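Numbering (our numbering), first residue to last: 27 to 234.
Using N, Cα and C, we set each Cβ at its ideal position, and we do this for glycine too.
Since the structure is predicted, the reported quantities are computational estimates derived from the model, not experimental observations.
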């Protein structure tokens with residue numbers, strides 16, 4: 027009789043052990059699934075910010091809340107790349123290649139038109155360094171595709187003088203898939219220059 031009781035207790039312990047193992051496996055599976063969903067959710071909230079051409083990861087509780095800021099950054103970055111022109115053909119071309127990932131063929135048409143007008147060649151021959159400062163970016167995200175109006179200042183620096191002028195541009199903005207070359211996930215379309223002010227000339231004194 028004692029042997030039977032011991033055997034029964036042994037079976038009960040084995041059953042308890044098996045049940046414990048099964049429950050543990052189920053809990054591990056549940057935790058794994060929860061963590062996997064959390065990782066997917068976190069990945070969907072991952073955005074990239076470009077700082078001087080370097081992609082940096084940033085995180086947000088809600089990506090949609092960052093879209094206005096991302097849109098302005100995208101537009102600003104495009105203008106910086108497109109209109110920053112050191113007196114070097116390779117640097118000008120390299121900047122445009124980066125800018126071309128942020129806009130459609132309308133930017134390429136503008137670039138080609140400037141090349142045909144010998145704009146870049148004249149900058150190089152006169153050793154002129156062109157810089158851009160974006161003054162304001164107005165993005166309307168209430169209606170799709172979004173409309174963008176940008177005011178920016180172009181400064182051309184030479185050895186003895188400096189000229190500045192204010193320009194305005196308009197474009198539409200559409201959502202695209204994020205990538206390393208387009209981390210904000212926007213694309214400028216129908217880019218056009220709508221205003222050019224007369225240049226303001228300023229002599230640069232030579233310090234001896």
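Coarse secondary structure for residue 46, derived from DSSP in three states: Numbered from its first residue, the chain shown carries residue 46 at position 20. DSSP places residue 46 in helix when its eight states are reduced to three.
Per-residue DSSP class, three states only, for residue 206: Taking the chain shown and counting its residues from 1, the one referred to as residue 206 is at position 180. Note: residue 206 maps to coil in three-state DSSP.
In angstroms with no decimal places, state the Cα-to-Cα distance between residue 181 and residue 107. Here residue 181 corresponds to residue number 155 of the chain shown, with the count starting at 1. Here residue 107 corresponds to residue number 81 of the chain shown, with the count starting at 1. Whole-angstrom Cα-Cα distance: 14 Å.
Quick one: Cα of residue 228 to Cα of residue 115, how far? Residue numbering aside, residue 228 sits at position 202 when the chain shown is read from its first letter. Residue numbering aside, residue 115 sits at position 89 when the chain shown is read from its first letter. Whole-angstrom Cα-Cα distance: 26 Å.
Three-state secondary structure (DSSP) of residue 170: Position 144 of the chain shown, counted from the start, is the residue given in the question as residue 170. Reduced to three states, the DSSP call for residue 170 is coil.
Can you tell me which of the three DSSP states residue 156 falls into? In the chain shown, counting from the first residue as 1, residue 156 sits at position 130. Note: residue 156 maps to strand in three-state DSSP.
Assign residue 39 to one of two classes, buried (16 or more other C-beta atoms within 10 Å of its C-beta) or exposed (fewer than that). Indexing the chain shown from 1 puts residue 39 at position 13. Exposed, since its Cβ has fewer than 16 Cβ neighbours within 10 Å.
Residue 136 - DSSP class collapsed to helix/strand/coil: Here residue 136 refers to the residue found at position 110 of the chain shown. Residue state, collapsed to three classes: helix.
Can you tell me which of 214, 117, 183, 49 puts its alpha carbon nearest to the alpha carbon of residue 170? Along the chain shown, read from residue 1 onward, the residue named residue 170 stands at position 144. Among 214, 117, 183, 49, the Cα nearest to that of residue 170 is on 214.
Rounded to a whole number of angstroms, what is the C-alpha to C-alpha distance between residue 195 and residue 129? The residue you call residue 195 lines up with position 169 of the chain shown. The residue you call residue 129 lines up with position 103 of the chain shown. Approximately 13 Å between the Cα atoms of the pair.
Out of 58, 153, 163, 192, point me to the one whose CA is closest to residue 221's CA. On the chain shown, residue 221 is found 195 positions in, with the first residue counted as 1. Closest by alpha carbon: 192.
Would you decide whether residue 149 is buried or exposed? Buried here means 16 or more other CB atoms lie within 10 Å of its CB. Mapped onto the chain shown, residue 149 falls at position 123. Buried, by the Cβ-count rule.
Are residue 164 and residue 172 close, meaning C-beta to C-beta below 7 Å? For the purposes of this step, residue 164 is identified with residue 138 of the chain shown, where counting begins at 1. For the purposes of this step, residue 172 is identified with residue 146 of the chain shown, where counting begins at 1. In this structure, residue 172 does not lie closer than 7 Å to residue 164 by Cβ.
Looking only at its own chain, which residues have a Cβ that is under 7 Å from the Cβ of residue 216, when we skip the five neighbours before and after it? In the chain shown, the residue the question calls residue 216 occupies position 190. Only 132, 197, 198 meet the Cβ criterion.
From the DSSP secondary-structure annotation, give me the bridge partner or partners of residue 221. On the chain shown, position 195 is the one that residue 221 refers to. The partner list for residue 221 (beta bridge, DSSP) reads 194.
Residue 141 bridges to which residues according to DSSP? As a working note, residue 141 is residue 115 in the chain shown. Looking at the DSSP assignment, residue 141 forms no beta bridge with any residue, so it has no partner.
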